[in-house]
Every structure is written in C-alpha cells, then in structure tokens.
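In our numbering, the protein residues as written are 1 to 212. In this text, a Cβ means the ideal position worked out from N, Cα and C, and glycines have one as well. Please read these numbers as outputs of a predicted model, since none were measured by experiment.
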C-alpha cells in the first residue's frame, strides 16, 4: 500500500512538474512575442548589405563590427543648418540612455563625404562627447553611403539643403532606422519628434531582451 502511495505521489509530482514547465515555456514565449517589434521586409528576407565605412577615428567599420548588436542609424551632414542639429540633439538622448552598453551602437552616416572628412567628423563628434566605439560618425564612398540609405536602411530621400550647394542626388531624411543584431530593420522613428525618440529608447530595450 505504501509503495502504491509512493508511486502515485511520484507520478503526480512529475505530471505537475511537466505542466509547470509547459506553462513557464508558454509564458516566456508569450512575453517575448509581446516585446518583439515587427521585422520590416521580413517577407523578402531583407537584411543589410555588406558595407565598409570609416569612423571619426579613422577606423574601418564593417558588418562584423555591428554583428549581434542593436544599431540606431541616421544620415546627416556636419555643416547642416536645417534639421541635423535637432536630430543629433535627440540622438544624444538615445546615446545617454545606453552609454557604456556595448550592445547598442549609433551609426551616423554623412551624406556629404567631400566636406565631412575624418577630421571634420571627429570635431563634430566631440560636441556630444561621443565614444567612437559606440557612437560612430561614418564617411566613405558617396555612392555606397547613398545605396546603404536607400536599399539597406530603407531611408527615403528628403532635400534639406539649407544654404548648402549640393547635387540633386543628395539624401537626407529625418528618420532614424532601428536595426537588430541580425541586420534586420525593426522600426523607423522621427528624429525631430520627442515622443518618437522616447519610443525608440524603449524599443531598443525590447530588442536587447529578445533571445532569438
């Protein structure tokens, strides 16, 4: 009789354990789904193209440097008198929210590589006390910079010339793009809208919690 009771107890225990495990697994998956952001271009399996740019310290930055990290991407130019200053003031809020977190990078690409030399970008970055290993101001080949904007980051064109003599192919957009550690676009945010910037800071946190 005692053996039967022990057997029944063990069976009940393992059943309860199994049910508990299933419930826990479902809860974790459910929570992750609630945190997850949409994958933009998922049906087309959209991922960033290969790139090679140079940061404000003269270091070459490629896909390998951002692999596995959450990235916030923007396009600007250092002599801009239009929306760039406000965009980067707001980007500084994002930077301060995650400063020191090596899993979060900011990639600020110039659209005017002729004027935005490495030295010019370094001087510009010092306005924000930007750590070049976390907030990277990038320059490189103009065509490659523009193609990354259009075809990888899916950032649209916007003319913000503001007294600067540039050609008709000039790209400048007020939106930030949010990229996950797999090189997938997860969101766009108006860099001039304080509420959008707050949402971006929240969404970065959500991506950092994603396990897959």
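Worksheet item: If we call anything under 8 Å between Cβ atoms a contact, is residue 213 one with residue 181?
Response: A question about residue 213 goes unanswered here, because the residues of the chain that appear run from 1 up to 212.
Worksheet item: Should residue 101 go down as buried or exposed, given a rule of 16 or more other Cβ atoms within 10 Å for buried?
Response: exposed
Discussion item. Whole angstroms are fine: how far does the CA of residue 188 sit from the CA of residue 151?
Written reply: 14 Å
Practice prompt. With distances taken Cα to Cα, identify the nearest neighbour of residue 114 among 130, 132 and 138.
Written response: 138
Discussion item. List, from N- to C-terminal side, the alpha helix (DSSP H) runs of 4 residues or more that fit wholly inside the segment 44-127.
Written reply: 63-66, 84-98 and 118-125
Fill in: Supposed close pair residue 155, residue 173 - CB separation, criterion 8 Å
5 Å
Worksheet item: Under three-state DSSP, which class holds residue 164?
Response: Confidence at residue 164 is low in this model, with a pLDDT of 44, below 50, so its placement is unreliable and the value that follows should be read with caution. The answer is coil: DSSP assigns residue 164 none of H, G, I, E or B.
Worksheet item: How would you write the range of the alpha helix (DSSP H) that residue 205 sits in, first residue to last?
Response: 194-209
Item to complete: Evaluate residue 105 with the Cβ neighbour count: other Cβ atoms within 10 Å of its Cβ, from every protein chain shown; 16 or more gives buried, anything less gives exposed.
Response: buried
Fill in: Candidates 208, 49 and 127, of which the one nearest residue 91 by Cα
127
Worksheet item: In three-state terms, what does DSSP make of residue 138?
Response: strand
Worksheet item: When we look at the beta-carbon of residue 50 and count the other beta-carbons within 10 Å, is it buried (16 or more) or exposed?
Response: exposed
Item to complete: Quick one: grab the DSSP three-state call for residue 177.
Response: strand
Practice prompt. Pull up the DSSP beta-bridge partners for residue 187, would you.
Written response: 178
Worksheet item: What is the rounded straight-line gap between the Cα of residue 44 and the Cα of residue 70?
Response: 21 Å
Discussion item. So the candidates are 199, 76, 177 and 109; which of them puts its Cα closest to the Cα of residue 61?
Written reply: 109
Practice prompt. Can you tell me the Cβ-Cβ gap for residue 73 and residue 206, rounded? I've got them flagged as a contact below 8 Å.
Written response: About 17 Å separates the two Cβ atoms, so there is no contact after all.
Practice prompt. For my contact list, residue 97 and residue 201 are in at a C-beta cut-off of 8 Å; report their separation, rounded to the angstrom.
Written response: 5 Å
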